[in-house]
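J.: Provided herewith is a single structure, encoded as structure tokens, for subsequent inquiry.
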Amino acid sequence: MQLARVIGDIVATRKEPAYEGIPLLVIQPIAPDGSDLGRPLVALDAVGAGVGETVFFVRGKEASFPFHPKQVPADAGIVGIVDHWTTEAGGGPRARPGGQGRSPHAT
Amino acid sequence: MQLARVIGDIVATRKEPAYEGIPLLVIQPIAPDGSDLGRPLVALDAVGAGVGETVFFVRGKEASFPFHPKQVPADAGIVGIVDHWTTEAGGGPRARPGGQGRSPHAT
Amino acid sequence: MQLARVIGDIVATRKEPAYEGIPLLVIQPIAPDGSDLGRPLVALDAVGAGVGETVFFVRGKEASFPFHPKQVPADAGIVGIVDHWTTEAGGGPRARPGGQGRSPHAT
Amino acid sequence: MQLARVIGDIVATRKEPAYEGIPLLVIQPIAPDGSDLGRPLVALDAVGAGVGETVFFVRGKEASFPFHPKQVPADAGIVGIVDHWTTEAGGGPRARPGGQGRSPHAT
Amino acid sequence: MQLARVIGDIVATRKEPAYEGIPLLVIQPIAPDGSDLGRPLVALDAVGAGVGETVFFVRGKEASFPFHPKQVPADAGIVGIVDHWTTEAGGGPRARPGGQGRSPHAT
Numbered sequence: 586m587q588l589a590r591v592i593g594d595i596v597a598t599r600k601e602p603a604y605e606g607i608p609l610l611v612i613q614p615i616a617p618d619g620s621d622l623g624r625p626l627v628a629l630d631a632v633g634a635g636v637g638e639t640v641f642f643v644r645g646k647e648a649s650f651p652f653h654p655k656q657v658p659a660d661a662g663i664v665g666i667v668d669h670w671t672t673e674a675g676g677g678p679r680a681r682p683g684g685q686g687r688s689p690h691a692t
Numbered sequence: 586m587q588l589a590r591v592i593g594d595i596v597a598t599r600k601e602p603a604y605e606g607i608p609l610l611v612i613q614p615i616a617p618d619g620s621d622l623g624r625p626l627v628a629l630d631a632v633g634a635g636v637g638e639t640v641f642f643v644r645g646k647e648a649s650f651p652f653h654p655k656q657v658p659a660d661a662g663i664v665g666i667v668d669h670w671t672t673e674a675g676g677g678p679r680a681r682p683g684g685q686g687r688s689p690h691a692t
Numbered sequence: 586m587q588l589a590r591v592i593g594d595i596v597a598t599r600k601e602p603a604y605e606g607i608p609l610l611v612i613q614p615i616a617p618d619g620s621d622l623g624r625p626l627v628a629l630d631a632v633g634a635g636v637g638e639t640v641f642f643v644r645g646k647e648a649s650f651p652f653h654p655k656q657v658p659a660d661a662g663i664v665g666i667v668d669h670w671t672t673e674a675g676g677g678p679r680a681r682p683g684g685q686g687r688s689p690h691a692t
Numbered sequence: 586m587q588l589a590r591v592i593g594d595i596v597a598t599r600k601e602p603a604y605e606g607i608p609l610l611v612i613q614p615i616a617p618d619g620s621d622l623g624r625p626l627v628a629l630d631a632v633g634a635g636v637g638e639t640v641f642f643v644r645g646k647e648a649s650f651p652f653h654p655k656q657v658p659a660d661a662g663i664v665g666i667v668d669h670w671t672t673e674a675g676g677g678p679r680a681r682p683g684g685q686g687r688s689p690h691a692t
Numbered sequence: 586m587q588l589a590r591v592i593g594d595i596v597a598t599r600k601e602p603a604y605e606g607i608p609l610l611v612i613q614p615i616a617p618d619g620s621d622l623g624r625p626l627v628a629l630d631a632v633g634a635g636v637g638e639t640v641f642f643v644r645g646k647e648a649s650f651p652f653h654p655k656q657v658p659a660d661a662g663i664v665g666i667v668d669h670w671t672t673e674a675g676g677g678p679r680a681r682p683g684g685q686g687r688s689p690h691a692t
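Residue numbers (my numbering), protein chains in the order written: chain Y, 586 to 692; chain E, 586 to 692; chain G, 586 to 692; chain V, 586 to 692; chain L, 586 to 692.
In structure tokens:
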């Protein structure tokens, strides 16, 4: 999987029927230090991510697992929203030492 | 998935029988700003795309899903025609703010 | 799939039994303008291609589909011989405007 | 598979349910001489690796095999901790000539 | 598939149980002219290759086919030892014009 920043979304009316109702986001893969890493791509969103959030995504057929038993012809999908991460060189740009992350259901 | 521009098509008479009747297009992957990104490739077309249109395509075995139950040995397939997209840096070259996209069945 | 030029072949006597009797060709991926694109690789040949011919090949497990039900552990296979192609920038090096391609069974 | 060095970990509370309870580590692929090779990525950990250890990991859907029958949408997973390796150019940075490796259960 | 030169091996005592008893070799992909091509990787060995030999290997899940029905989470496997090859630009470094290759069972 790779870290990425959500940078946009896509509207497509003519598409494979299996895509109906699934958000398509444009994401920019990033390095652990938060810098851009490689080319932007289009990914299915299975976790309700929004523009500006840091996520991790999976490549390959596995991207469609969260939509099972629907057979979505996909090769990239967002599977988690990152609260924070730590590396040898320190935390990422959204690192919050000691933080417990945000709850998706927090009000 | 990745954004791409359709730039050509291919004629092949000697080929795997499973390919019979499926359009083969040459596509150029592009970045969200519309610039070329990486190498052109050959993709199955499942949505009736034409030269010059902006599409998004899937890599891997999933490219053949739209032709199920036919088993097409493919690794890239066009799965949607892009109406418009938006990113942090603004819309893509075909972005139409507020637009509803083109209907595939519009007359 | 990608366009490629067949540039050689391989002889291997010690190999996985599933490979028995399947031609192994060395191919050089090419761009639509006919220039080399990336690294040469070894591919199964399912269509009787020869050195010097322009082909298109598939990556991944799908490369073994033409040999079904034989389970060949392969990741690249030639699935068609290209007669000609056209792109925005004109035809490929073997383009024959108005041509119908060569029949594999022509005499 | 590729050699890598574990360089960090990730905390994500909003994620695909299948990820629950599986450690997510940030790894840096390395060359046989121990130098960094390509971009860091996020991998499932199936062997109890820790930051600073040298591991080898697998790419693709296979990354989720160790968690079978759980269907984890993953594309990278750590499958072994390297004791030492040898190459034409000598051993890797953790090579211990004549060593038997560390037992995971040694006390 | 790709040509490669076997350059080393790996010892790992803590690993996925499915790896037990399968040799893990470090290989350097090479071009048809014998020069290094891309990064070294770790591959399963299904054909008894040794350091210094020229082989061809497969990427992806197919790497584990020779060990069926064992489910090995692998993405690269050596599937043949190359006797010689020929290309437009002449044979590879081990090419033996007119040779019949080495028999694995020769005495």
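Every residue gets a Cβ at the ideal spot worked out from N, C-alpha and C, and that includes glycine.
From E:A634, E:L626, E:E605, pick the residue whose C-alpha is nearest to that of E:I615; which is it?
T.: Your numbering for residue 615 of chain E matches position 30 in the second sequence. The option with the nearest alpha carbon to E:I615 is E:L626.
J.: Which chain E residues sit within Cβ distance under 9 Å of Y:Q656?
T.: Counting from 1 along the first sequence, the entry for residue 656 of chain Y is found at position 71. Result: E647, F650, H653.
J.: So if I threshold CB-CB distances at 8 Å, which residues from the region 657-669 of chain Y count as touching chain V?
T.: G662, V664, G665, I666, V667, D668, H669
J.: What do you get for E:P602, buried or exposed, if any count of 16 or more other CB atoms within 10 angstroms of its CB means buried?
T.: The residue given as residue 602 of chain E occupies position 17 in the second sequence. E:P602 comes out exposed.
J.: Beta carbons nearer than 7 Å to chain L: which residues of the region 593-609 of chain G have them?
T.: G593, D594, I595, V596, A597, T598, R599, K600, E601, Y604
J.: For E:L626, which beta-bridge partners are listed by DSSP?
T.: The count along the second sequence starts at 1 and reaches residue 626 of chain E at position 41. Per DSSP, E:I612.
J.: Along the region 616-635 of chain L, where does the CB come closer than 8 Å to a CB of chain G? Name the residues.
T.: A616, P617, L622, G623, A631, V632, G633
J.: If the criterion is Cβ atoms closer than 8 Å, does the pair G:G665 and G:V636 meet it?
T.: Here residue 665 of chain G refers to the residue found at position 80 when the third sequence is read from its first residue. Here residue 636 of chain G refers to the residue found at position 51 when the third sequence is read from its first residue. It is not a contact, given that the beta carbons lie outside the stated cut-off.
J.: In chain L, what lies closer than 7 Å to V:R644 by C-beta?
T.: The residue labelled residue 644 of chain V in the question sits at position 59 within the fourth sequence. Neighbours of V:R644 on chain L, chain order: D660.
J.: Run down chain G in chain order and give the residues with a C-beta less than 7 Å from the C-beta of E:V611.
T.: Looking up residue 611 of chain E in the second sequence gives position 26. Under the 7 Å cutoff, chain G gives P617, W670, T672.
J.: Alpha carbon to alpha carbon, what distance is there between Y:L588 and Y:D618?
T.: As a working note, residue 618 of chain Y is residue 33 in the first sequence. As a working note, residue 588 of chain Y is residue 3 in the first sequence. Our two residues, Y:D618 and Y:L588, have alpha carbons roughly 10 Å apart in a direct line.
J.: Kindly indicate the opening and closing residues of the beta strand (DSSP E) around V:D594.
T.: One-based indexing of the fourth sequence puts residue 594 of chain V at position 9. Element bounds for V:D594: 587-596.
J.: Residue range of the beta strand (DSSP E) that Y:F642 falls in?
T.: Here residue 642 of chain Y refers to the residue found at position 57 when the first sequence is read from its first residue. Here the beta strand (DSSP E) through Y:F642 covers 639-644.
J.: Check whether the Cβ of L:R599 lies closer than 7 Å to any heavy atom of the ligand MG, and answer yes or no.
T.: Ligands in the displayed structure: none, and consequently the ligand MG is not present.
J.: Check this for me: beta carbons of E:I663 and E:A634, under 8 Å apart or not?
T.: As a first step, residue 663 of chain E is located in the second sequence; it is residue number 78 there, counting from the start. As a first step, residue 634 of chain E is located in the second sequence; it is residue number 49 there, counting from the start. A contact, by the Cβ cut-off of 8 Å.
J.: Candidates E:W670, E:K646, E:T671, E:P654: which alpha carbon is nearest G:D660's?
T.: As a first step, residue 660 of chain G must be located in the third sequence, where it is residue number 75. Among E:W670, E:K646, E:T671, E:P654, the Cα nearest to that of G:D660 is on E:K646.
J.: Taking the straight line between their C-alpha atoms, what separation do you get for V:Y604 and V:P658?
T.: Indexing the fourth sequence from 1 puts residue 604 of chain V at position 19. Indexing the fourth sequence from 1 puts residue 658 of chain V at position 73. Taking the straight line from one Cα to the other gives about 8 Å.
J.: Taking G:F652 as the reference, which of G:G623, G:A631, G:T672, G:I595 has the closest Cα?
T.: Stepping through the third sequence from its first residue, residue 652 of chain G is reached at position 67. The shortest Cα separation from G:F652 among G:G623, G:A631, G:T672, G:I595 belongs to G:A631.
J.: For E:K600, which residues from the same chain have a beta carbon less than 8 Å from its beta carbon, with the 5 sequence-adjacent residues on both sides left out?
T.: To locate residue 600 of chain E, count along the second sequence from 1; it is residue 15. For E:K600, where only same-chain residues beyond five positions count, there are no Cβ hits under 8 Å.
J.: Tell me whether E:A659 sits in a helix, a strand or coil according to DSSP, three-state version.
T.: The residue you call residue 659 of chain E lines up with position 74 of the second sequence. Coil.
J.: Quick one: is G:S649 buried, meaning 16 or more other Cβ sit within 10 Å of its Cβ, or exposed?
T.: Sequence index remark: in the third sequence, residue 649 of chain G carries index 64 (1-based). Its Cβ being crowded by 16 or more others within 10 Å, G:S649 is buried.
J.: Who are the near neighbours of V:T672 in its chain, counting only those whose CB is closer than 6 Å to its CB and skipping five residues on each side?
T.: Indexing the fourth sequence from 1 puts residue 672 of chain V at position 87. Closer than 6 Å at the Cβ level, and outside the excluded window around V:T672, lie P617.
J.: Tell me whether V:D621 is buried or exposed, calling it buried when 16 or more other Cβ atoms sit within 10 Å of its Cβ.
T.: If you number the fourth sequence from 1, residue 621 of chain V lands on position 36. Exposed: under 16 other Cβ atoms inside 10 Å.
J.: Using a Cβ-Cβ cutoff of less than 8 Å, which residues in the same chain neighbour G:K655 once the five nearest sequence positions on both sides are dropped?
T.: Your numbering for residue 655 of chain G matches position 70 in the third sequence. Within the same chain, G:K655 has close Cβ partners A603, S649.
J.: Nearest by alpha-carbon distance to L:V611: which of L:T598, L:M586, L:F642 is it?
T.: Sequence index remark: in the fifth sequence, residue 611 of chain L carries index 26 (1-based). Checking every option, the nearest Cα to that of L:V611 belongs to L:F642.
J.: Excluding the five sequence neighbours on either side, which residues of its own chain have a C-beta within less than 6 Å of the C-beta of L:A628, listed in chain order?
T.: As a first step, residue 628 of chain L must be located in the fifth sequence, where it is residue number 43. Once the five neighbours on either side are set aside, the close Cβ partners of L:A628 are L610, I612, F642, A661, G662, I663.
J.: If we call anything under 8 Å between Cβ atoms a contact, is Y:V591 one with Y:E638?
T.: The residue labelled residue 591 of chain Y in the question sits at position 6 within the first sequence. The residue labelled residue 638 of chain Y in the question sits at position 53 within the first sequence. Contact: yes.
J.: Kindly indicate the opening and closing residues of the beta strand (DSSP E) around G:H669.
T.: Position 84 of the third sequence, counted from the first residue, corresponds to residue 669 of chain G. 669-672 is the span of the beta strand (DSSP E), which, as asked, contains G:H669.
J.: Please determine, among L:G623, L:V667, L:R644, the residue with the shortest C-alpha to C-alpha distance to L:M586.
T.: In the fifth sequence, counting from the first residue as 1, residue 586 of chain L sits at position 1. Taking the Cα of L:M586 as reference, the smallest distance to any Cα among L:G623, L:V667, L:R644 is reached at L:R644.
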